[in-house]
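Input: a single structure, listed below in structure tokens.
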Amino acid sequence: MSAQNQTEINKLGRVSRKSNFVMNLILLVYASFCIVPLFMSLAVSFTDEKMLTIHGYSFWPRNFTTYAYQFIFSMANQVVNAYVVSMIVTVAGTILSVLVMALYAFPISRKDFKYKNFFTFYMIFTMLFSGGMVSTYLIGVNLLHLKDNLWGLIFPYLMNAFWVIILRTFYRSNIPDSLIESAKIDGAGEFRIFFQMIFPLALPGIAAVALLAMLQYWNDWFLAALYINNPQLMPLPYLLYQIQVSMQFLLQNSSNIGSQAGDILSRMPSESARMAMVVIAVGPIALTFPFFQKYFTKGLTVGAIKG
Amino acid sequence: MSVRNNLSFKRIFKANDIDIKPKNGFWHELVKNKALFLMLLPGALVLFLNNYLPMFGAIIAFKNFRFHEGGFIPSLLKSEWSGFKNFEFMFATPDAFNIIRNTLFYNLAFIITCTVISIAFAIMLNEIYSQKLAKFYQSAMFLPFFLSWVVFNYLVYAYLSPDKGFINMTVLKLFGQESISWYNEPKYWPLIIIIVNAWKWVGNNCIIYLAAIIAVDQELYEAARIDGANRWQQIIKITFPQIAPVIIVMFLVFVGRIFNTDLGLFFQVPRNAALLRPVTQTLDAYIYQTLIGLGDIGMSSAGAFFQSVVGFITIIAANLFVKKIDRESSIF
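Protein sequence lines, in the order shown, are assigned to chains A and B.
Position 55, counted from 1, in the first sequence is what the working numbering calls 56; the numbers after and before it change by one each time, with no gaps.
Position 177, counted from 1, in the second sequence is what the working numbering calls 341; the numbers after and before it change by one each time, with no gaps.
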């Protein structure tokens, strides 16, 4: 094969320069479409309230001010409270759910466990048929006492059948049976095998599921909408939903306003403060997600292609 | 002596034989593998309380539910059976047709838009020269997946707010157009909902297709090149057929969930605006509003039961197809 021929063939290995340019352009436009709205909320949160009334929302803060943030952190201890609730629910929920799911996935990943099929089906059946929102809600309120209880924001998401399948697949494809057998011959108990061998070996898969669980707990508004009425127990997304209707919701439970309430209401930066809360809610995710992305990708692809 | 020995040996053997049988049973297994059962216990308990009890509770749809003394379960059992009355009421409401039509219409639209856009982007990400840029685009696209629906509620509002939104105050002003009262105009919303849904999911689905594309055997492309096929021909003749199983499986997984919608998308994003309901109310939104907003247990439980049953049928059917195409990918 001549050298010229070879370069001809190599050229066939990639798209033309023109196509490359067009594709980059399309991807760039879509990528900005995904990021830019967040910049807009950031800009609005730093904009003077009067300017917002005149010019509307835009991508550049006119009359830069941090008043919205000052207002939130000084006047509305409700926001700080919601932040703490979200943190507690996310941390406790993630640890508990990962433990429950990682443990459940272990026996059903074991080929030598006689009842693995039964317990797999017991779990998968919940993906196929559900009692529906109404019955779940009534049982949650009346039997499990989830109403106005932080447990109500954690418990319903402890088991996710799909994620357990991801974990099971991960154990099966990364941990050879012989390893478990030899550990057993050496006299290790099942729990010791799980915590000292399986857990470290399956850490990338467990991390992926942990991040998915974390995301779910941090972003959830639905459980709070079902079960939480007490403003002290509202997580951040649900508080955000509540103030969509009325900013005054923030002041209802503020202890340090007292007699000057009317004055505060008139100076309240309602639009920019709302966006400031969006920034506060998204902040932790937007800042950490580039570091976690590869674990997510792993979890998603394992689940979708091998699940 | 030898005979006697033999006999007693046989007797022992037989006795053992009888003993072995019950040892294969559940109780023996429970004792032998008690650690494994202990590991299953928390998860099994959560599933029982959170998923199986509500399945039993779903009979509420066939009851005229009243609270009686003694708690929820006695009330449920004591409440009168009402047959299909709740269902009759639900399907008699003028919204019923709308709700089911919306649910199916949006899901079909989502399946088509998400699949087409995600595959197109996955191919582009695989083809562009710069790996670094591809990583950047991929991260940016993935970002919306990480945001809560409540955050979407605000981001969409930042564009569509009637008096402050970016579109009314900047874009339409720039072109000298009149402001549009977005949250009162149902005709725009099917498109808005479809765009917002793609916005949230495309980055996520794209990663799955990209993983499938990367896994395609590179030798196939080399062989095609030697035969003189250009890159576009390779994409059409090699990439597509090779990732077809993944596409079909994803498609069927979507179809299996065709009666379920994301409440966040249909309740949060349109801000529950009353005028938009004819085009934004889906089964989930209807059940939620009837239960929490109106407190009507009868109608909402009928809606929920209807959704569970038709959902069950579609998932089973979709899974049968998945099994035919790719055994590995079926969920059971």
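A virtual CB, placed ideally from N, CA and C, is assigned to each residue, including glycine.
* State the Cα-Cα distance for the pair residue 142 of chain A and residue 148 of chain A, rounded to the nearest angstrom. => Position 141 of the first sequence, counted from the first residue, corresponds to residue 142 of chain A. Position 147 of the first sequence, counted from the first residue, corresponds to residue 148 of chain A. Approximately 5 Å, taken between the alpha carbons.
* Asked: By Cβ distance, which residues of its chain are closer than 8 Å to residue 223 of chain B, with the 5 residues on each side in sequence left out?
  -> Here residue 223 of chain B is taken as the residue at index 59 of the second sequence, counted from 1. Excluding sequence neighbours, residue 223 of chain B sits near 240.
* Among A:157, A:238, A:246 and A:198, nearest to residue 217 of chain B - alpha-carbon criterion -> One-based indexing of the second sequence puts residue 217 of chain B at position 53. Ranking the options by Cα distance to residue 217 of chain B, first place goes to A:157.
* Look at the alpha carbon of residue 305 of chain A and the alpha carbon of residue 482 of chain B, and state the distance between them as a whole number of angstroms. => On the first sequence, position 304 is the one that residue 305 of chain A refers to. On the second sequence, position 318 is the one that residue 482 of chain B refers to. Here the model assigns residue 305 of chain A a pLDDT of 48, short of 50, so the residue's position is not dependable, and the following value carries that caveat. Taking the straight line joining both Cα atoms gives about 16 Å.
* Tell me where the alpha helix (DSSP H) around residue 115 of chain A begins and ends. => Your numbering for residue 115 of chain A matches position 114 in the first sequence. Premise fails: residue 115 of chain A is in no alpha helix (DSSP H) and is neither H nor E.
* Closer than 8 Å at the beta carbon, the chain A residues around residue 464 of chain B -> Against the second sequence, residue 464 of chain B aligns to sequence position 300. Within chain A, the residues near residue 464 of chain B are 134 and 135.
* What do you reckon, are the CB atoms on residue 92 of chain A and residue 210 of chain A nearer than 8 Å? -> The count along the first sequence starts at 1 and reaches residue 92 of chain A at position 91. The count along the first sequence starts at 1 and reaches residue 210 of chain A at position 209. Against a cut-off of 8 Å, the Cβ pair of residue 210 of chain A and residue 92 of chain A comes out as no contact.
* Would you mind working out which of B:357, B:301, B:399 and B:316 sits nearest residue 272 of chain B, comparing C-alpha positions? => Against the second sequence, residue 272 of chain B aligns to sequence position 108. Out of B:357, B:301, B:399 and B:316, B:357 has the C-alpha closest to the C-alpha of residue 272 of chain B.
* **4-residue-minimum alpha helix (DSSP H) runs that sit fully inside the segment 291 to 360 of chain B, ordered along the chain** => 295 to 306 and 313 to 324
* To do: Evaluate contact between the segment 394 to 414 of chain B and the segment 306 to 320 of chain B, counting only Cβ atoms and requiring at least three cross-stretch pairs below 8 Å.
  => no
* To do: Can you tell me which of A:237, A:146, A:297 and A:269 puts its alpha carbon nearest to the alpha carbon of residue 85 of chain A?
  => For the purposes of this step, residue 85 of chain A is taken as the residue at position 84 of the first sequence. Cα-wise, what sits closest to residue 85 of chain A is A:237.
* Asked: Are the C-beta atoms of residue 217 of chain B and some chain A residue less than 8 Å apart?
  -> Along the second sequence, read from residue 1 onward, the residue named residue 217 of chain B stands at position 53. Yes, contact with chain A.
* Beta-ladder partner(s) of residue 244 of chain B, from DSSP -> Taking the second sequence and counting its residues from 1, the one referred to as residue 244 of chain B is at position 80. Beta-bridge pairing links residue 244 of chain B to B:228.
* To do: Classify residue 94 of chain A as buried or exposed, calling it buried when 16 or more other Cβ atoms lie within 10 Å of its own Cβ.
  => Within the first sequence, numbered from 1, the residue matching residue 94 of chain A stands at position 93. Its Cβ being crowded by 16 or more others within 10 Å, residue 94 of chain A is buried.
* Please list the partners that residue 334 of chain B has in chain A, where partner means a Cβ-to-Cβ separation under 7 Å. => Position 170 of the second sequence, counted from the start, is the residue given in the question as residue 334 of chain B. Per Cβ cutoff of 7 Å: 57 and 59.
* To do: In the DSSP assignment, find the alpha helix (DSSP H) that holds residue 110 of chain A and state where it starts and stops.
  => Translated into the one-based positions of the first sequence, residue 110 of chain A becomes position 109. Note, residue 110 of chain A: alpha helix (DSSP H), 78 to 110.
* chain B contacts from the segment 190 to 204 of chain A (Cβ-Cβ distance under 8 Å) -> 190, 191, 192 and 195
* For residue 49 of chain A, three-class secondary structure by DSSP -> Mapped onto the first sequence, residue 49 of chain A falls at position 48. Coil, per DSSP.
* Span of the alpha helix (DSSP H), counted from its first residue to its last, around residue 255 of chain B -> The residue given as residue 255 of chain B occupies position 91 in the second sequence. It spans 249 to 256 - the alpha helix (DSSP H) in which residue 255 of chain B sits, taken as one unbroken run.
* To do: Mark residue 338 of chain B as exposed unless 16 or more other C-beta atoms lie within 10 angstroms of its C-beta, in which case mark it buried.
  => Counting from one through the second sequence, the residue named residue 338 of chain B turns up at place 174. Classification of residue 338 of chain B: exposed, given that the 10 Å Cβ count is below 16.
* Is residue 207 of chain B near residue 90 of chain A, with beta carbons less than 8 Å apart? -> As a working note, residue 207 of chain B is residue 43 in the second sequence. As a working note, residue 90 of chain A is residue 89 in the first sequence. No, they are not a contact pair.
* Cα-Cα separation between residue 479 of chain B and residue 416 of chain B, rounded to whole angstroms -> As a working mapping, residue 479 of chain B is identified with position 315 in the second sequence. As a working mapping, residue 416 of chain B is identified with position 252 in the second sequence. The straight-line gap from Cα to Cα measures roughly 9 Å.
* Asked: Between residue 224 of chain A and the rest of its own chain, which residues show a CB-CB distance below 7 Å, the 5 nearest in sequence each way excluded?
  -> Along the first sequence, one-based indexing puts residue 224 of chain A at 223. Cβ within range, chain order: 153, 154 and 157.
* To do: With distances taken Cα to Cα, identify the nearest neighbour of residue 126 of chain B among A:16, A:297, A:288 and A:299.
  => A question about residue 126 of chain B goes unanswered here, because the residues of chain B that appear run from 165 up to 496.
* From the beta carbon of residue 115 of chain A, is the nearest beta carbon of chain B less than 8 Å away? -> Here the question's residue 115 of chain A lines up with position 114 in the first sequence. With 8 Å as the cut-off, residue 115 of chain A counts as an interface residue toward chain B.
* **Proximal chain A residues relative to residue 491 of chain B, where beta-carbon distance stays under 8 Å** => The sequence position of residue 491 of chain B within the second sequence is 327, counting from 1. Within chain A, no residue comes near residue 491 of chain B; the closest Cβ sits about 12 Å away, beyond 8 Å.
* Asked: Measuring from the CB of residue 466 of chain B, is there a heavy atom of the ligand FMN at a distance below 7 Å?
  -> For the ligand FMN, the structure offers nothing, since it holds no ligand at all.
* By DSSP, does residue 380 of chain B sit in helix, in strand, or in coil? -> Locating residue 380 of chain B in the second sequence gives position 216, where the first residue counts as 1. The answer is coil: DSSP assigns residue 380 of chain B none of H, G, I, E or B.
* **Segment contact flag, the segment 277 to 295 of chain A with the segment 313 to 329 of chain B, C-beta cutoff 8 Å, min 3 pairs** => yes
* What residues from chain B crowd round residue 14 of chain A, counting only those whose CB sits closer than 9 Å? -> The count along the first sequence starts at 1 and reaches residue 14 of chain A at position 13. Correct list: 385, 386, 389, 395 and 398.
* Asked: If we ignore side chains and look at the alpha-carbon of each, how far apart do residue 266 of chain B and residue 370 of chain B end up?
  -> Locating residue 266 of chain B in the second sequence gives position 102, counting from the first residue. Locating residue 370 of chain B in the second sequence gives position 206, counting from the first residue. Going from the Cα of residue 266 of chain B to the Cα of residue 370 of chain B covers about 26 Å.
* Asked: What does a CB cutoff of less than 6 Å around residue 56 of chain A pick up in its chain, not counting 5 residues either side in sequence?
  -> Working through the first sequence from its first residue, we reach residue 56 of chain A at position 55. If we look at residue 56 of chain A and ignore the five residues flanking it on each side, it has no Cβ neighbours.
* To do: Answer with buried or exposed for residue 408 of chain B, where buried requires no fewer than 16 other C-beta atoms within 10 angstroms of its C-beta.
  => As a working mapping, residue 408 of chain B is identified with position 244 in the second sequence. Flag for residue 408 of chain B reads exposed.
* Asked: So the alpha helix (DSSP H) residue 196 of chain B belongs to, where does it begin and stop?
  -> In the second sequence, the residue the question calls residue 196 of chain B occupies position 32. That run of the alpha helix (DSSP H) goes 190 to 196.
* Identify, in the order they occur along the chain, each residue of the same chain with its Cβ nearer than 7 Å to the Cβ of residue 82 of chain A, setting aside the five sequence neighbours on each side. => What you label residue 82 of chain A is simply residue 81 of the first sequence in a count that begins at 1. Hits under 7 Å: 233.
* Only counting runs of 4 or more residues, tell me where the alpha helix (DSSP H) segments fall wholly within the segment 193 to 244 of chain A, in order along the chain. => 204 to 220 and 223 to 228
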